[in-house]
Each structure stands twice: as C-alpha cells, then as structure tokens.
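Following our numbering, the numbering of the sequence shown begins with 544 at its first residue and continues without gaps.
Heads up, the thing below is written out as structure tokens.
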Amino acid sequence: RSATLVLAYLMIRQNMTLVEAIKTVKDHRGVTPNRGFLRQLSGLDSVLRASRNAT
C-alpha cells in the first residue's frame with residue numbers, strides 16, 4: 544500500500560505519468576502494487592492527463 548501512495552504522490556506532485564512513476568520507484572525499490580491499486584492509479588493517471596491537457 545505504501546508503494547501505491549508513493550506512486551500517487553509522484554504522479555500528482557511531480558507531474559509524472561503512471562509509467563514514469565513506476566519506473567522511478569522500481570529504480571530504487573522492488574515494488575509491485577496489486578492489480579486493484581494499479582487500476583485505481585491508472586484512473587488517476589487518466590484524470591491527471593486530462594486536467595493537464597485542459598490548461
């Protein structure tokens with residue numbers, strides 16, 4: 544669960560995509576969020592991309 548929070552933080556505060564955030568975290572730690580969390584992060588990624596493209 545903590546890895547999911549770190550990924551969400553990177554996506555929101557550091558303007559990373561989900562793929563970029565996963566790569567960044569995996570470069571430092573071996574993390575594998577479960578499918579449910581990844582699905583939620585994917586939804587967050589879509590929302591963040593849409594809001595960034597709208598501005």
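Glycine is no exception: its CB is placed at the ideal position from the N, C-alpha and C atoms.
With respect to A546, L584 sits apart: the two C-beta atoms are not nearer than 8 angstroms. With a beta-carbon spacing of about 6 angstroms, T560 and D588 fall inside the 8 angstroms limit used to define contacts. Secondary structure note for T547: its alpha helix (DSSP H) is the uninterrupted segment 545-556.
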